[in-house]
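Chemist: Mind looking over this structure? Questions follow.
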Amino acid sequence: MRVLFDHQIFTLQRHGGVSRYYVRLAEALHALGHSPSILAPLHRNAYLQAAPAVLVRGIGVPQFPRGTVRLCKEVSQALAAMAVHRLPYDLLHETYYTDRPIGRRATPRVVTVFDMIHERYPNDFPRRDTTSALKRIALARADHILAISQSTKNDVCAMFGIASQKVTVVHLGCDPRLPEIGDSLSHVVAMPPHRPYLLYVGQRAGYKNFAAVLHALAGSPALQRAVDVVAFGGPPWTAADREQQKRFGFSSGQVRHCAGDDTVLASLYRHARALIYPSLYEGFGLPPLEAMQHDCPVIASQTSSMPEVIGAAAEYFDPCDPADLARAIEVILHQPERVLALRALGRRRAAEFTWHRCAQQTLAVYQRVAGQAPDPQR
Numbered sequence: 002m003r004v005l006f007d008h009q010i011f012t013l014q015r016h017g018g019v020s021r022y023y024v025r026l027a028e029a030l031h032a033l034g035h036s037p038s039i040l041a042p043l044h045r046n047a048y049l050q051a052a053p054a055v056l057v058r059g060i061g062v063p064q065f066p067r068g069t070v071r072l073c074k075e076v077s078q079a080l081a082a083m084a085v086h087r088l089p090y091d092l093l094h095e096t097y098y099t100d101r102p103i104g105r106r107a108t109p110r111v112v113t114v115f116d117m118i119h120e121r122y123p124n125d126f127p128r129r130d131t132t133s134a135l136k137r138i139a140l141a142r143a144d145h146i147l148a149i150s151q152s153t154k155n156d157v158c159a160m161f162g163i164a165s166q167k168v169t170v171v172h173l174g175c176d177p178r179l180p181e182i183g184d185s186l187s188h189v190v191a192m193p194p195h196r197p198y199l200l201y202v203g204q205r206a207g208y209k210n211f212a213a214v215l216h217a218l219a220g221s222p223a224l225q226r227a228v229d230v231v232a233f234g235g236p237p238w239t240a241a242d243r244e245q246q247k248r249f250g251f252s253s254g255q256v257r258h259c260a261g262d263d264t265v266l267a268s269l270y271r272h273a274r275a276l277i278y279p280s281l282y283e284g285f286g287l288p289p290l291e292a293m294q295h296d297c298p299v300i301a302s303q304t305s306s307m308p309e310v311i312g313a314a315a316e317y318f319d320p321c322d323p324a325d326l327a328r329a330i331e332v333i334l335h336q337p338e339r340v341l342a343l344r345a346l347g348r349r350r351a352a353e354f355t356w357h358r359c360a361q362q363t364l365a366v367y368q369r370v371a372g373q374a375p376d377p378q379r
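Below, the structure written as structure tokens:
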């Protein structure tokens, strides 16, 4: 089957879970013997630049020149709109939300919804943010919608009034276990030798609920003395962040920020006492699965998609109750048998989420939407 992915997300993201999803999906479809193409005439995406050349129609650059981001996006849009009419394809998969779609109107098109964060937490975004409005337009236009979790599907149908039969749930895959940098992390995050830490991954503001971690530890002097916190990714600490940490009673350096590549993250997973995932809402949530691959126990919010994705492989807590979060941390620190059980459950759970399975299930949707009977030989 000839599937075309449009240019949108590859001009928006250099790195990011959404663009990685489309590249991994295209790679897996190609491995299944189909013919996916990613139309990205001018892009800056690292995953796309590392993908097999047969999948990519476009030119990659390390970064758009300073002050030209909007211009480069417009150029890519115009080039894609012209090029798409010369390409053979059976179905178009739009990679983000737009009111300026490319491609033939008569050809079936699919859109993936990753979350409904803009709708659930509008105050976390600028008033001028148009994501939700464009999402409505794109989903109304689509012949079918993919949702990356049942939780996301439920929200899409309830908030946008979309019929359940128009939305199919296909879980994401998880990349193979990440490489590590070695046994020592001291040169990466100024880690005191043998000092235990809880790992937090990603952005920290708003619904991500990072402050709940500090609140929970500050509410238990024994816990606060026992562990540090390492936050990987997101912006460096601001003056307000440092003031908040001081107000919660943390000593200098006890709450550390770290940035780096996948090898650094893998080593942080491997050495952490646990990944702590306090988010109020996630469309899917990949960090817990990544942690499980590295035998890192998971402490997670029992809300939105987390129980669906993580299953039994986490110590859950109420993200609005700091005392319950403190309880979950104490379980990990003081019940080694529970930690061993979570590691075993985690390895099995993470192994279920493969890009091969994601591609097979997505392909079944494509074939149904395009009116193509599946090939029994595939």
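Take the position in the sequence shown, starting the count at 1, then add 1; the result is the number in the numbering used here. C-beta: ideal position from N, C-alpha, C; glycine also.
Look at the alpha carbon of aspartate 325 and the alpha carbon of isoleucine 103, and state the distance between them as a whole number of angstroms.
Modeler: Rounded to whole angstroms, aspartate 325 and isoleucine 103 show a C-alpha spacing of 49 Å.
Chemist: How close, in whole Å, do the beta carbons of arginine 58 and leucine 40 come, if the pair is a contact with beta carbons under 8 Å?
Modeler: The distance from the Cβ of arginine 58 to that of leucine 40 is about 5 Å, consistent with a contact at the 8 Å cut-off.
Chemist: My understanding is that leucine 140 touches tyrosine 22, with C-beta atoms under 8 Å, so please give their C-beta distance in whole angstroms.
Modeler: Their Cβ separation, rounded to whole angstroms, is 17 Å, which puts leucine 140 and tyrosine 22 out of contact at 8 Å.
Chemist: With DSSP as the reference, please indicate the residues paired to cysteine 259 in a beta bridge.
Modeler: Note: cysteine 259 sits in a beta bridge opposite Phe233.
Chemist: At what residue ranges does the region 101-127 contain a whole run of the alpha helix (DSSP H), taking only runs of 4 or more?
Modeler: 118-121
Chemist: Where do the N-terminal and C-terminal ends of the beta strand (DSSP E) with alanine 60 fall, by residue?
Modeler: The sequence shown places isoleucine at residue 60, not alanine. In the DSSP assignment, isoleucine 60 falls within the beta strand (DSSP E) that extends over 57-61.
Chemist: Is the separation between the beta-carbon of valine 299 and that of alanine 314 shorter than 8 Å?
Modeler: Contact annotation: valine 299 and alanine 314 have beta-carbon atoms nearer than 8 Å.
Chemist: Under the three-state reduction of DSSP, which class applies to phenylalanine 161: helix, strand or coil?
Modeler: Residue state, collapsed to three classes: helix.
Chemist: Hey, out of Ala134, Ser302, Val24, whose CA is closest to alanine 54's CA?
Modeler: Val24
Chemist: Please state if the CB of alanine 232 and the CB of phenylalanine 249 are separated by a distance shorter than 8 Å.
Modeler: no
Chemist: Along the chain, where does the alpha helix (DSSP H) containing histidine 172 start, and where does it finish?
Modeler: Here histidine 172 belongs to no alpha helix (DSSP H), and DSSP marks it neither H nor E.
Chemist: In three-state DSSP terms, what is leucine 281?
Modeler: coil
Chemist: Just verifying my parser: in three-state terms, what is the DSSP assignment at arginine 274?
Modeler: coil
Chemist: CA-CA distance, phenylalanine 161 and threonine 96?
Modeler: 19 Å
Chemist: Which word fits alanine 352, buried or exposed, when buried means at least 16 other C-beta atoms lie within 10 angstroms of its C-beta?
Modeler: When all chains shown are included, alanine 352 counts as exposed.
Chemist: What number of angstroms, rounded off, separates the C-alpha of tyrosine 201 from the C-alpha of arginine 328?
Modeler: For the pair tyrosine 201 and arginine 328, the Cα-to-Cα distance works out to about 17 Å.
Chemist: Out of Pro237, Leu199, Asp322, which one is the CA nearest neighbour of aspartate 229?
Modeler: Leu199
Chemist: Take every Cβ of the region 43-54, pair it with every Cβ of the region 5-16, and state whether three or more of those distances are shorter than 8 Å.
Modeler: yes
Chemist: Alpha carbon to alpha carbon, what distance is there between leucine 364 and lysine 167?
Modeler: 16 Å
Chemist: Expressed to the nearest angstrom, what Euclidean distance is found between the alpha-carbon atoms of glutamate 244 and arginine 349?
Modeler: 41 Å
Chemist: Can you give me the C-alpha to C-alpha distance between valine 114 and alanine 223, rounded to a whole angstrom?
Modeler: 42 Å
Chemist: Inspect the beta-carbon positions of arginine 110 and leucine 93 and report whether they are closer than 8 Å.
Modeler: Yes, the pair counts as a contact, with Cβ atoms nearer than the cut-off.
Chemist: Do the region 272-283 and the region 301-309 make contact, defined as three or more Cβ pairs closer than 8 Å?
Modeler: yes
Chemist: Taking threonine 99 and glutamine 246 to be in contact with their CB atoms under 8 Å, please state how far apart those CB atoms are, rounded to whole angstroms.
Modeler: About 40 Å; that fails the 8 Å criterion.
Chemist: Return the Cβ separation of methionine 2 and serine 38 in integer angstroms, given the expectation that the two are a contact with Cβ distance under 8 Å.
Modeler: 11 Å between Cβ atoms; not a contact.
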